[in-house]
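Visitor: Okay, handing you the structure first.
In my numbering, the protein residues as written are 1083 to 1183.
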């Protein structure tokens, strides 16, 4: 069986930010919806047209990104200082004793 021919290849993955800010009409309602941090819409660009694939809440993704940045920063700092990152045991200085007796 041969590989299928694709109509499009080498597509660019894009992420757009979609605000969920309240409109003036929504703000004047007696029970407006809750405003959040917006959404990230993940998609591809197909001949100049954005085609959405997934829509996720921005707050959760941004929190994950910030957590990874802090972890990487801590790891880089500990490498410069020669100490293991917090929460990790130091590497063993000698091989552990064999459990076979």
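Even glycine gets a Cβ: it sits at the ideal position worked out from N, Cα and C.
1) To the nearest whole angstrom, what separates the beta carbons of residue 1121 and residue 1100, a pair I think is in contact under 8 Å?
2) Around the C-beta of residue 1140, are 16 or more other C-beta atoms found within 10 angstroms, so that it is buried, or is it exposed?
3) Thinking just about the alpha-carbon of each residue, which of 1089, 1127 and 1097 is nearest to the one in residue 1143?
4) Between residue 1151 and residue 1161, what straight-line distance do the alpha-carbon atoms span, to the nearest angstrom?
5) Can you name the start and end residues of the alpha helix (DSSP H) that residue 1111 belongs to?
6) By Cβ distance below 7 Å, which residues in the same chain neighbour residue 1163 in space, the five residues on each side in sequence not counted?
7) Quick one: what does DSSP say residue 1125 is sitting in, helix, strand or coil?
8) Grab the span of the beta strand (DSSP E) containing residue 1136 for me, first residue to last.
Guide: Well, looking at it:
1) Taking the chain shown and counting its residues from 1, one reaches residue 1121 at position 39. Taking the chain shown and counting its residues from 1, one reaches residue 1100 at position 18. 4 Å between Cβ atoms; contact.
2) Residue 1140 sits at position 58 when you count from the first residue of the chain shown. Buried, because 16 or more other Cβ atoms sit within 10 Å of the Cβ of residue 1140.
3) Residue mapping note: residue 1143 aligns to position 61 of the chain shown, counting from 1. Of 1089, 1127 and 1097, the residue nearest in Cα terms is 1097.
4) Residue mapping note: residue 1151 aligns to position 69 of the chain shown, counting from 1. Residue mapping note: residue 1161 aligns to position 79 of the chain shown, counting from 1. The straight-line gap from Cα to Cα measures roughly 15 Å.
5) Walking along the chain shown from the start, residue 1111 turns up at place 29. Note, residue 1111: premise wrong, no alpha helix (DSSP H); not H, not E.
6) By one-based count along the chain shown, residue 1163 stands at place 81. Closer than 7 Å at Cβ, skipping near neighbours: no residue.
7) For the purposes of this step, residue 1125 is taken as the residue at position 43 of the chain shown. Three-state DSSP puts residue 1125 in a strand.
8) Within the chain shown, numbered from 1, the residue matching residue 1136 stands at position 54. Residues 1131-1139.
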